[in-house]
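Structure first, commentary second.
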Amino acid sequence: MTNETAQKARDCTVDPVALKLEEFLPYRLNVCANLVSHALSRIYAERYKIGVPEWRVLVTLGQFGPMTAKAIGKHSHMHKTKVSRAVALLEKRKLITRRANRADLREAFLSLTSAGREIYRELAPIALEFARDLLETVDAADRAALDRALMKLTERSAKLAPHIANGRRPG
1 MTNETAQKAR DCTVDPVALK LEEFLPYRLN VCANLVSHAL SRIYAERYKI GVPEWRVLVT
61 LGQFGPMTAK AIGKHSHMHK TKVSRAVALL EKRKLITRRA NRADLREAFL SLTSAGREIY
121 RELAPIALEF ARDLLETVDA ADRAALDRAL MKLTERSAKL APHIANGRRP G
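Okay, here's the thing in structure tokens:
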């Protein structure tokens, strides 16, 4: 074996401290979330011809009533451009309506129309049944622990996100 061939062989070996994506918690959570979201979206995409962002806006308004697009984005963890596009599509389909905020004319309150409320009333039980069906795969004794773990991971991620974006880790 020549020195050049030996060097190439060493370069091709896997780093023993390499990140193994399939074992990396953030990756695993993302894959799980995407698969769950995709499976649920097949239900409402086929039936109501809406995507994930539109569904999130519609369900948020159905749960909380009139809100601003900014508040919807904050609650649903969606970027403002996704919220804006979803709102435009839902408005075009006459599923939501907007009312100017007299205290701040730069924003509007969004609310479901009667057609939007009807879709929400149909969709909510379907989504809840989907969640129950999904949760059945977790042993009943483990469900409370899963809920606590998800809450802790969500809280910790929310605390880490601003620091990581600034290139720092919290102390």
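Numbered according to my numbering, the sequence shown spans residues 1 to 171. Backbone N, C-alpha and C define an ideal beta-carbon position, used for all residues, glycine too.
Residues near residue i in its chain [Cβ-Cβ closer than 7 Å; skip 5 each side]
i	result
Tyr-44	Ile-50, Trp-55, Leu-123
Asp-104	none
Gly-171	Because the pLDDT of Gly-171 is 47, which lies under 50, any placement of that residue in the model is unreliable, and the question is left without a value.
Met-78	Pro-53, Arg-56
Ile-119	Tyr-48, Leu-58, Leu-95
Lys-152	none
Arg-85	Pro-53
Residue from the options with nearest C-alpha to residue i
i	options	result
Ser-157	Ala-71, Glu-129, Leu-25, Gly-73	Leu-25
Arg-117	Leu-90, Phe-130, Leu-35	Leu-90
Cross-strand partners of residue i (DSSP beta bridge)
i	result
Met-67	Leu-110
Rounded distance between the beta-carbons of residue j and residue i, thought under 8 Å
i	j	result
Arg-98	Ala-108	4 Å
Leu-173	Ser-111	There is simply no residue 173 to check, as the chain begins at 1 and stops at 171 in what is shown.
Gly-73	Val-83	4 Å
Leu-150	Arg-143	About 11 Å; that fails the 8 Å criterion.
Val-138	Leu-146	6 Å
Leu-35	Tyr-27	Not really, about 13 Å apart at Cβ, beyond 8 Å.
N-terminal and C-terminal residue of the beta strand (DSSP E) that residue i is part of
i	result
Arg-99	96–100
First and last residue of the uninterrupted alpha helix (DSSP H) at residue i
i	result
Leu-40	25–48
Val-87	80–92
Contacting residues, own chain, Cβ-Cβ under 6 Å from residue i (five flanking each side not counted)
i	result
Phe-64	none
Cβ neighbours of residue i in the same chain (closer than 8 Å, five flanking residues each side left out)
i	result
Leu-19	none
Ser-37	Val-52
Leu-29	Leu-153
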